[in-house]
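Visitor: Shown below is the structure under consideration.
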Amino acid sequence: MGCLVNDRRVCIIGAGYAGLAAARVFSSAEYKVIVYDERKAVGGVWNYDLKEGQVYDNLQTNTPLVVMAFPEYPIVQAADAPSFVRRHHVLGYLQSYAQAFDLTGLVQFGQTVKSIKPESKFDEDTRWLVSKQDRDSGAISTEIFDVVILATGNYSTPYLPSIDLHQFQGAVIHSRDYRRPCDYSEQTVVVLGAGPSALDISVDVASRAKQVYLLSGDHDVTESKIRFPSNVAIVPARISHGLGHAIVATNGAIIEHIDTILLCTGYRYSLPFLCESIISTNGGMRLTPLYKEVVSIRYPQSLFVMGLQRESPMAHHANVQARFILAHLEKKTPRLTMEEMLADEAKEVERRKALGA
145 MGCLVNDRRV CIIGAGYAGL AAARVFSSAE YKVIVYDERK AVGGVWNYDL
195 KEGQVYDNLQ TNTPLVVMAF PEYPIVQAAD APSFVRRHHV LGYLQSYAQA
245 FDLTGLVQFG QTVKSIKPES KFDEDTRWLV SKQDRDSGAI STEIFDVVIL
295 ATGNYSTPYL PSIDLHQFQG AVIHSRDYRR PCDYSEQTVV VLGAGPSALD
345 ISVDVASRAK QVYLLSGDHD VTESKIRFPS NVAIVPARIS HGLGHAIVAT
395 NGAIIEHIDT ILLCTGYRYS LPFLCESIIS TNGGMRLTPL YKEVVSIRYP
445 QSLFVMGLQR ESPMAHHANV QARFILAHLE KKTPRLTMEE MLADEAKEVE
495 RRKALGA
């Protein structure tokens, strides 16, 4: 690699899809890149850990592996290879990607970011003070960066619906903490939710549970392509309240002898290391103010967010967003005023409301 074309320091938080894409794009452009990640290896949420993390043992993708690949590092599969693969295949791909582009050496593992503060609160070109704690030693240190890219994703903080379960005497866990069906052997399990995780976990836990009740709310999950085992009963309702080892559903149904309730209710946005006055999480529902869901409108020349989209292939979006941020910093995108960016954001909010998103 030749001489650095600039000495701007870029801090990337997270070494999953978004973080790796940003690391590759910015290191290729010869910026000084440092990546912080809490885990001990690249791969983000695809790292499996029995005690913490977001993936469970038998997780299988619901997106073809070839679609989950970065365009500059395509996946070559045999003709008879399965399109939908287990979690370790995705992790292996991301680790191979990091090795192929010399990204692993840019990552400082086992680092929990504690705070990110602007050096100057009223300067959109401000540098940033990033404080992080080593998970092994507990030591806290602070470094200064010209650019910060938040690539922590949106699958870390569970969304817990407001349900009266104070008198329920069984276990209540979020899908984030679900790991293995053997942990629920011979149990009666209620799964709340109608998204991909609820459907997949219902089938997975049913392999060892005695009985599973899938409470799907207003969604008709029978239209999905999933074949539910005979011990999975679909209840088109939500949970009203719990009492003892029973729950009362919103349609009046009473389900008794419940051992565990699994809340497959999704996640909320969370940036615990950043002041709400810089980027607001709006109660975990939406990050604002952001231009194109990427550029901080308050600090458009130095603070960026990646990976907020949940409905599209992560590799494609991460690649496009990383390139967009680079082009933005190098002044190859239109220069907009704060008012123009806020107006664009408001227009996008209205568009999503019209679509019911």
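Our numbering numbers the first residue of the sequence shown as 145 and each following residue consecutively.
Positions of the beta carbon are idealized from the N, C-alpha and C atoms, including for glycine.
Straight-line CA distance for L499 to R454?
Guide: Whole-angstrom Cα-Cα distance: 15 Å.
Visitor: Beta-carbon within less than 7 Å of Q331's beta-carbon, same chain only, minus the 5 sequence neighbours each way: which residues are those?
Guide: A353, K354, D403 and T404.
Visitor: If you follow the beta strand (DSSP E) that H363 is in, where does it begin and where does it stop?
Guide: Taken as a continuous stretch (DSSP letters only), H363 belongs to no beta strand (DSSP E), as it is neither H nor E.
Visitor: Where does Q311 sit, in a helix, a strand or coil, going by DSSP?
Guide: Q311: coil per DSSP, three-state reduction.
Visitor: Is the distance from the Cβ of L294 to the Cβ of M450 below 8 Å?
Guide: Result yes, Cβ atoms of L294 and M450 sit closer than 8 Å.
Visitor: Taking only the alpha-carbon atoms, compute the straight-line gap between V177 and S446 and give it to the nearest angstrom.
Guide: Rounded to whole angstroms, V177 to S446 spans 14 Å at the Cα level.
Visitor: Got a sec: does the ligand MN put a non-hydrogen atom nearer than 7 Å to the Cβ of A173?
Guide: As for the ligand MN, it is missing from this structure, which has no ligand bound.
Visitor: If distances are taken between C-alpha atoms only, which option among P208, V199 and I423 comes closest to V220?
Guide: With distances taken between Cα atoms, V220 lies closest to P208.
Visitor: Can you give me the C-alpha to C-alpha distance between L407 and S374, rounded to a whole angstrom?
Guide: Each residue's Cα considered, the two are about 21 Å apart.
Visitor: Measure the alpha-carbon distance for R495 versus E437 and round it to whole angstroms.
Guide: Cα-Cα distance, rounded: 14 Å.
Visitor: Going by DSSP, what residue range makes up the beta strand (DSSP E) through S508?
Guide: Residue 508 is absent from the structure shown; the chain starts at 145 and stops at 501.
Visitor: Could you give the distance in angstroms between the alpha-carbon of S424 and the alpha-carbon of T432?
Guide: For S424 and T432, the distance between alpha carbons rounds to 5 Å.
Visitor: Do you know how far the Cα of H401 is from the Cα of F312?
Guide: Rounded to whole angstroms, F312 to H401 spans 11 Å at the Cα level.
Visitor: Thinking just about the alpha-carbon of each residue, which of F289, V257 and F245 is nearest to the one in S264?
Guide: Of the candidates F289, V257 and F245, the one whose C-alpha sits nearest the C-alpha of S264 is F289.
Visitor: Can you tell me which of the three DSSP states L203 falls into?
Guide: Coil.
Visitor: Here's the rule I'm using: 16 or more other beta-carbon atoms within 10 Å means buried, otherwise exposed. How should T296 be labelled?
Guide: That one is buried.
Visitor: If I follow the unbroken alpha helix (DSSP H) through G163, where does it start and stop?
Guide: Per DSSP, G163 belongs to the alpha helix (DSSP H) from Y161 to S172.
Visitor: What is the DSSP secondary structure of V274, reduced to helix, strand or coil?
Guide: V274 falls in the strand class under three-state DSSP.
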